[in-house]
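**Q**
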Amino acid sequence: MAQTMFDKIWRAHEVSEGLIYIDLHLVHEVTSPQAFDGLRLADRTVRRPDRTLATADHNVPTDGTPTARLIADELSRKQVETLEANCEEFGIPLYSLGSDRRGIVHVIGPELGVTQPGMTIVCGDSHTSTHGAFGALAFGIGTSEVEHVLATQCLGQKRPKTMRINYSGALAEGVVAKDLILATIGRLGTGGMSGYAVEYAGETIEALTMENRMTICNMTIEAGGRAGMIAPDQTTFDYVEGRAAAPEGAEWEAALERWRALPSDEGASFDTEVEVDATSISPMVTWGTTPGMVTEVAAAVPDPAKMNSPADRESAERALAYMALEPNTPITEIALDRVFIGSCTNSRIEDLREAAATVEGRLVAASVRAMVVPGSEQVRAQAEREGLDEIFEAAGFEWRDAGCSMCLGMNPDILAEGERCASTSNRNFEGRQGKGGRTHLVSPKMAAAAAVEGHFVDIRDWS
Amino acid sequence: MEAVEVVEGPVSVLDRADVDTDQIIPKQFLKRVERTGFGEFLFYDWLRDGEIELEANPILVAGRNFGCGSSREHAPWALQDFGFDAIIAPSFADIFRSNCTKNGLLPIELSEAACAAIAAAGEARVELESQAVSWNGGEERFEIDPEIKHRLLNGLDEIAITLQADSEIDVFEAESEAPGPVTTALQA
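Here the protein sequences come in this chain order: A and B. Numbering that gives the first Met the number 0 puts the first sequence at residues 0 to 462. Numbering that gives the first Met the number 0 puts the second sequence at residues 0 to 187.
(1) Pick out whichever of A:5, A:431, A:102 and A:419 has its Cα sitting closest to the Cα of residue 44 of chain B.
(2) Would you give the residue range spanned by the alpha helix (DSSP H) that residue 384 of chain A belongs to?
(3) Run through DSSP, which three-state label would residue 139 of chain A get?
(4) Determine the extent of the beta strand (DSSP E) in which residue 369 of chain A is found, giving its start and end residues.
(5) Across which residues does DSSP place residue 6 of chain B in a beta bridge pair?
(6) Distance, Cα to Cα, residue 168 of chain B vs residue 13 of chain A?
(7) Does residue 114 of chain B get closer than 7 Å to chain A when you measure Cβ to Cβ?
(8) By a C-beta neighbour count over all protein chains shown, 10 Å radius and 16 as the cutoff for buried, is residue 309 of chain A buried or exposed?
(9) Determine the DSSP secondary structure at residue 75 of chain A, reduced to helix, strand or coil.
(10) When you compare the CB of residue 13 of chain B with every CB in chain A, is at least one pair closer than 7 Å?
(11) What's the call for residue 427 of chain A, buried or exposed, on a 16-neighbour Cβ count within 10 Å?
(12) Along the region 293-313 of chain A, where does the CB come closer than 7 Å to a CB of chain B? Name the residues.
(13) Near residue 153 of chain B, which residues of its chain fall below 6 Å by C-beta distance, leaving aside the five closest residues on each side in sequence?
(14) Considering only residues of the same chain and omitting the five flanking positions on each side of residue 46 of chain B, which have a CB-CB separation below 7 Å?
(15) For residue 421 of chain A, write down the residues that DSSP places opposite it in a beta bridge.
(16) Counting only beta-carbon atoms, is residue 25 of chain B nearer than 7 Å to chain A?
(17) Any idea what DSSP makes of residue 360 of chain A, helix, strand or coil?
(18) So, for residue 120 of chain A: in the same chain, excluding its five sequence neighbours on each side, which residues have a beta-carbon less than 6 Å away from its beta-carbon?
(19) Any beta carbon of chain B sitting closer than 7 Å to that of residue 14 of chain A?
(20) Considering only the beta carbon of each residue, do residue 439 of chain A and residue 284 of chain A sit closer than 7 Å?
(21) Quick one: what does DSSP say residue 98 of chain B is sitting in, helix, strand or coil?
(22) Looking at chain A, which residues of the region 162-185 of chain B have a Cβ within less than 9 Å of any of its Cβ atoms?
(23) Interface residues of chain B around residue 113 of chain A at Cβ under 7 Å?
(24) In whole angstroms, what separates the C-alpha of residue 382 of chain A from that of residue 145 of chain A?
(25) Which of the three DSSP states, helix, strand or coil, is assigned to residue 312 of chain A?
(26) Quick check: what's the CA-CA separation for residue 32 of chain A versus residue 92 of chain A?
(27) Any idea which residues DSSP pairs residue 137 of chain B with across the strands?
(28) So does the region 58-66 of chain A actually touch the region 177-188 of chain A, counting three or more Cβ pairs closer than 8 Å?
(29) Can you check which of these residues, A:409, A:442 and A:324, is closest to residue 344 of chain A by C-alpha distance?
(30) How is residue 271 of chain A classed by DSSP in three states: helix, strand or coil?
(31) Taking residue 69 of chain B as the reference, give the member of B:144, B:110, B:94 and B:156 with the closest Cα.
(32) Under 8 Å Cβ-Cβ, which residues of chain A neighbour residue 144 of chain B?
(33) List the residues that DSSP assigns as beta-bridge partners of residue 234 of chain A.
(34) Using the Cβ count rule (16 or more neighbours within 10 Å means buried), how would you classify residue 422 of chain A?
(35) Among A:62, A:275, A:124 and A:450, whose alpha-carbon lies nearest the alpha-carbon of residue 67 of chain B?
(36) Report the residue ranges of all beta strand (DSSP E) runs contained in full by the region 37-115 of chain A; include only those spanning at least 3 residues, in chain order.
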């Protein structure tokens, strides 16, 4: 019987009904301390340290702080030092401050080649769906589940439903993966993928680079999806080949054979299928306080009075009050105080190249403070080899060390009350980037151009 | 985890859709390395700014897609520590729902109409065994995965249950585990 890619991976990992074997467990400092405590309390060990990898990312200052003990914030320091002690005690490999392999957990997995097709991957972080871009089944878990995986290398899971979203046609000039996923979330709604493992498919997706595919899978959770996946192909294999943890020689050939069998079979049936005409997608900008509150850059802030459902109207009114936006304001007239290029959604080398090409030879508007935060120390080093740091700094951007940075404000990079930010991150929730901060989610190109002009511009006709 | 059979009493109401876990427990409180003591930070900004009022009742009635966003288990820890033993909503975000059940906090999905009726009634009784919520003037059944229900009713440690199948995991690793990256072989 024809199987979906999800079915194939699920079945290959069922220890028993509903108990799934986990091939890779990624760990970071925020959602793991209580899990390690639980292990100690019950006198349990980590079953497979060799299938576990840790890094420090959420709390890390991006100012070049060289070791955990020099983190100024006491609680952040304690959390990172606790991670270091736990990894030492349980024998888990860790890239902490001072390592040139440290970075955002969803950036370093692919970069090191530990993220590979066909695997089951979990992490105590909702953006774990990122790794699905390689044709893996990857999803976020809570701390109790982190403890469960540490102890058993398995996870009790109810089988999700399957959805396939088929994209047809080429993206227009200036339109990128971020716009595609924002438009998709806008269409399906913040709960539209709840209960589903989602496969992104079609010619539009096949034409994308791995980094763009990761951006799409990353934001699956913003529509409530359990996992986002893209079938592995030559683009995937080329990306993985030669990386630190990638198989070599005969093992590489054997892996390729396994991976080539992963894509959904012809005629495989999904619980839901959605068709999207990718040619009609525009550069997108969020206007509200969920990623689903999003519109085209050429449009205006919506008018709640014109919304049909009272619940939608009420949510939109509350969001606009928080965002300090008037209905019907053209998006391109929204002025900005801050620009943030970074996060597990858009901080990879290609994102930085796109942003750098956009600002090269220009200057950040006087009214804007702009920063670029590479997703990992390796991305930072690569960007510096290419001279991207010089382009950004010449334009007036701050060039920082790797970390989650201003995506979630658990470190010194935050918005002040009332500040408005164009951000390449994934969440525009109230207070996400700092209490009272106002976030607009956009692509790296759109953020870079907005930094120069001091307000949003339609990247398609900006020069 | 303590066993849960019945939750009953007054309800608090938070009639908003898409309440995300960043609101339930803002990021500055995720730096603690303990599981306890999160209740005083529940809905920190909203409560402090007078956006909402919330009494520490046994039951919270919330809007659709409750608990969306970040996977932080600190959200159910905070709700439970504040005093809630059950949350009733038209729908929940997947990870949040799962996190709740790991801690004995009941996520109960009911129709929009039932949620509104319970909010109006001001009191309710949740019975896990019969999978029913009753209130003055109505009753509605809810769905729950049978294994999760069994675990909640008996207050079972899920890791201990899985470890009982230790030999099955051994067999899987010996026979079915695919070759994959060895993280301990990576250079430091």
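Cβ coordinates follow ideal geometry from the N, Cα and C atoms, glycine included.
**A** According to the structure shown:
(1) A:431
(2) 376-384
(3) strand
(4) 368-371
(5) B:125
(6) 10 Å
(7) no
(8) exposed
(9) helix
(10) no
(11) buried
(12) 310
(13) 2
(14) 53
(15) A:338 and A:439
(16) yes
(17) coil
(18) 23, 130, 135 and 137
(19) yes
(20) yes
(21) helix
(22) 162, 164, 165, 167, 168, 170, 171, 172, 175, 176, 177, 178, 179, 180, 181, 182, 183, 184 and 185
(23) 180 and 182
(24) 33 Å
(25) helix
(26) 16 Å
(27) B:134
(28) no
(29) A:442
(30) strand
(31) B:94
(32) 157
(33) Its beta-bridge partners do not exist; DSSP assigns none.
(34) buried
(35) A:124
(36) 51-54
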